[in-house]
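Everything on this sheet refers to the single structure shown next.
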Amino acid sequence: MKKKPARFLSLMLATTVACGAIIPVVLPAYVVEAATVGPLTMVWQTPIGEGTILTHYEKVYGNQKSKIYITKVDLNNEYVEVKPIYGTNGHVTEKQSITKMTNEAGAVVGVNADFFNMSLRGAPFGIVVKDGQTISSMGHLPYYYSLGITADKTAAIERFGFTGLVTSQNGKNMSLRGINKEEYSSSAGKSHENQLNMYTSAFGKTSLGTIKGYKGVVEVVFRNGIATEVRVDQPGAAIPADGFVLWGHGTAAQFLQQEFPVGSSVTVDSQTTPNSKEWAQAVGGHALLVNQGKVANISADKAVMGKTARTGVGVSKDGKTLYIVSVEQGSASRGVTLVEFAQIMVEAGSYMAANFDGGGSQTLAVRMLGETEAKLANRPMQGVERRVPTGLGVFNTAPAGDLAGFQLTGPTETLIGQAIQFGTKAYDNHYLPYKIDANQISWGVDGDSGSFEGSSFIARQSGTSVVTASVNGIQTKKNIHVVSGAEVEQVMVSPSPLTVMPGQTLPLDIKIKTKKGQLVTATPLSVTTTVSNELVHINEQMQLVAGEQTGQATLTVSYDGKSTTVPITIGATEQQWINFDNIAGISFAGNPEGLTSKGSFLLQSEQVHRSGKSAKLTYDFSGASSANTRFAYGKMGVAPIAIPGQPIGMGLWVYGDNSNHWLRAEVIDSKGKTHYVDLAKEIDWTGWKQLRGYFPSNAAYPLQLKSIYIANLPEGSESRPEKGSIYMDDATLLVPYGQQFSDIANHPYKKEILYMAEQEFVKGLSANKFGPDVPLTRAQYVALLARVFNWELPNQPKLNFKDQVPSYAQGAVQVAVSMELVKGYKDNTFRPDQPVTRAEAAIILDRILQQQATPKVKLKDQNQIASWASASVSNIVGLGLIDPIQGSFKPDSPTTRAVCVAALYRLIQR
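Using the working numbering, the letters of the sequence shown correspond one by one to residues 2 to 911.
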């Protein structure tokens, strides 16, 4: 639970402020309504390592539950080790997630530990000792209780301290305040003001250096005990592996400058207290939660007392059992107060216990039986893991053993005709991962829904079977259910609808959704596919393959009596997009990074396709190892370029250099996922050539174009040039027929608009904008009616209105007036540019249709509809041609283009 710096300072025991010290509130631990609290109730339990058992509990508080995970560790077990884990690559301030930290260290369990200041690099406030080496000394925080483990593996909850002394070759000495600490407020004043601190390579790559609010900071770099550099008010120095850096401010800075010129020697003595025991491992904690088997009087700031996610550690009376406790907070878990957490620690078996950091830092990573790496076991409070400096890890040091058990991995639901290959997760008699030779597995099945062919389970018919696998006398079972057609809710095809270019191959994603909501992925063996004509076919890999002709088709997918049909469009229009004349901010980048200075991506006019300029991508791969792929990126701007609408791909004119390099585009979708689009597998031509690349069907629109780049693969690189240039111009978008409007992607009348556009009854306001919410004028409405109903229009229309009707609508208006569908106003005007109201639109449709209907809904604003329109409105709403708006008709509101098009679509479909 980190706070912003100003607030976080109040967590300290004796923060010095203008009015003095703030002492933490001491709260009695019995202020919980016991009657509302249930006991720890076990959900599941599993061993995860030698002497290590993980148990998932739930605990009820009133009508809410808290999820609790307790890792019980037996320190008597010879193969158990418990140690701090920290930072990245041995640097405590290089924070990373507990899951990554756990895997880097090789632990079977990892939890977050100490508090730290999120606004700084992240050194912990408390102690870190690993294998007897001080990684970070204990801060001067008297109410901090931490976990310590002695060399004989006896654990204790202790109030640790630190003392140190730095002595020069002249015999002068000064107290050392701390090792690898950032600034914090302590019980003895500010940690760095007029103080001497030491930084080892465990701190990070560089020392603390100058910090905000401090002037005259002196750092002396030592190697093998000899001063090699003296620095004043400089950024952090590189910390040598065979040395350290002493940091001083005020009187400590004077001490360093006077006593440690370059070439002088130093002696540093330090110790962790209490020193009555040989501490092999230690990690910082926080407040004491349990004292001698009872909830302690907790001394902590109010800010950490409330309900939140928690981590803590408890120790048995003999010091030989650890209880590492994690509590979730989120939508499915209430969290607990600090007092409630202390009660859980007692219930778990703790004789002494200390709090660790919690809130957004709370994390539990576990390597479950049979797994080869640890994974996140709880849901973090903020949904993602926070990077932290320190944690506590449990290790299994046992040697590899014999197979003890295993589980089958793979689906539990399958489809008729489908073949399943099972994997295994196995562990040995020391709970270490064990690799099973698949050829050693004997398979069996109980039930008539399927059988084995070799190691593959073939689903023959619907039903449930029990699969049995045996290895060296050790057996495991798995239930397999074969879904029947009666259980199917929906056959799902993605993408839908399907749009392909002539000659294109499109992978299909077909899933069966059961009535229970489960999704089962289909294979070619489990579904039947049928296409309506020869424009397309489905191959053995369940891919849609288009022929060379454009047109329409349908695909029907069937499973055990259930089917679905989706439309297919073959072909797309090509929409002009980028001509490179005025594109701004383009730049070049190479990978490896050293190639960046060798290439360029610039606008030029020496070689163009049709426009005034093109973009020239110049590459030079020399000097970078050909053992790895080398890249030359033409970045499309400081930020990626937005791709309008939902095109299926892009076109690009490229002047090739016959280099046989690979040309691709880098596209980012709306979820932030990067997709790579092939433009040319090999640039095997010279001169201008149009290329096309297709966006993946699983890309989430809208998309952005980040770069166009050349890749030089290791294979065959010796035959390809290291240097060269290509030009690119006239980028286009491949827009599916009928899907060119980017502003109707999520519109409820999308289907109606696309159909009417395909039939050329309506057009967009522009190439990719339909304007669904733009009001329709009286002239536009009548002209649309003429197109939809194919009126015969006069060659030389004659109108008697005082105002001018646009030429495109004059014939339609004359016919509509003659059919008594529309009239002029009393002042003998037609008002062609006036929006047609929803009431007027309803009257005209009613006059065309001449069909009675029973109203489907009772309109909330029925009394607001004029008498001359009331019957028509009721009729048109009753026929389902115009939808109410939240139960009202809104007769005087303009009729939008989308509403009008939808009404006419429904009318002609009747």
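Cβ coordinates follow ideal geometry from the N, Cα and C atoms, glycine included. This structure is a prediction, so every number in the text was calculated from the model and none was measured.
- Where Asp-658 is concerned, the enclosing beta strand (DSSP E) starts and stops at 650-658.
- Taking 8 Å as the cut-off, the Cβ atoms of Pro-496 and Ile-571 do not count as close.
- Taken through DSSP and simplified to helix, strand or coil, Trp-689 comes out as strand.
- Taking one beta carbon from each stretch, the segment 422-431 and the segment 524-543 have fewer than 3 pairs nearer than 8 Å; the two do not touch.
- When DSSP assignments are scanned along the segment 437-493, the uninterrupted stretches of beta strand (DSSP E) that are 3 or more residues long and fall wholly within it turn out to be 443-447, 451-454, 457-460, 464-472 and 475-484.
- In this structure, Glu-723 sits near Ser-623, with a CB-CB distance shorter than 8 Å.
- Between Asp-658 and the set Gly-638, Lys-690 and Pro-641, the nearest pair of CA atoms involves Lys-690.
- In the same chain as Ile-909, and ignoring 5 residues on each side of it, the C-beta atoms closer than 7 Å to its own belong to Val-789, in chain order.
- Our two residues, Gly-673 and Glu-667, have alpha carbons roughly 12 Å apart in a direct line.
- Judged by their CB atoms, Pro-892 and Val-874 are nearer to each other than the 8 Å cut-off.
- With contacts defined as CB atoms closer than 8 Å, Val-231 and Val-218 fail to qualify as a contacting pair.
- Residue environment: Gln-542 is assigned as exposed (fewer than 16 neighbouring CB atoms within 10 Å of its CB, all protein chains considered).
- Assigned with DSSP and collapsed to three states, Ser-615 falls in strand.
- Phe-261: not part of any beta strand (DSSP E); DSSP gives it neither H nor E.
- Residues of the same chain with a CB within less than 8 Å of the CB of Val-81, apart from the 5 flanking positions on each side, are Gly-50, Glu-51, Gly-52, Thr-53, Val-74, Asp-75, Lys-154, Val-395, Phe-396, Asn-397 and Thr-398 in chain order.
- When secondary structure is reduced to three states using DSSP, Gln-282 falls in the strand class.
- Excluding five sequence positions before and after Leu-507, the CB atoms of its chain that fall closer than 6 Å to its own CB belong to Val-501 and Leu-545, given in chain order.
- Using a Cβ distance threshold of 8 Å, Thr-778 and Gln-863 do not count as a contacting pair.
- By the criterion of at least three beta-carbon pairs nearer than 8 Å, the segment 583-597 is not in contact with the segment 562-569.
- Distances from the alpha-carbon of Gln-170 to those of Ala-787, Gln-259 and Gly-881 put Gln-259 closest.
- In the DSSP secondary-structure assignment, Thr-89 is bridged to His-92.
- According to the DSSP assignment, Tyr-782 belongs to the alpha helix (DSSP H) that extends over 779-789.
- Nearest to Ala-333 by alpha-carbon distance, out of Val-61, Gln-608, Lys-636 and Arg-839, is Val-61.
- Residue range 339-349 is occupied by the alpha helix (DSSP H) that includes Phe-342, with no beta strand (DSSP E) assigned at that position.
- Taking 8 Å as the upper bound for CB-CB distance, Tyr-352 and Lys-308 are not in contact here, some 26 Å apart.
- The C-alpha of Gly-127 lies about 57 Å from the C-alpha of Gln-419.
- Between Thr-524 and the set Gln-344, Glu-575 and Ala-460, the nearest pair of CA atoms involves Ala-460.
- Assignment of Trp-792 by DSSP, reduced to helix, strand and coil, places it in the coil class.
- For Ala-843, there is no enclosing beta strand (DSSP E); the enclosing alpha helix (DSSP H) has its first and last residue at 839-850.
- Sixteen is the threshold: when 16 or more other Cβ atoms of the shown chains lie within 10 Å of the Cβ of Arg-335, as they do, the residue is buried.
- Sorting Lys-827, Gly-123 and Glu-821 by C-alpha distance to the C-alpha of Arg-848 places Glu-821 at the top.
- According to the DSSP assignment, Thr-425 belongs to the beta strand (DSSP E) that extends over 424-429.
- A residue is called buried once 16 or more other Cβ atoms fall within 10 Å of its Cβ, and Val-385, having fewer, is exposed.
- For the 8 Å CB-CB criterion, Val-267 and Ala-228 form a contact.
- Within the segment 790-826, no beta strand (DSSP E) run of at least 3 residues lies entirely inside it.
- Straight-line spacing of the CA atoms in Ala-366 and Tyr-324 works out to 15 Å.
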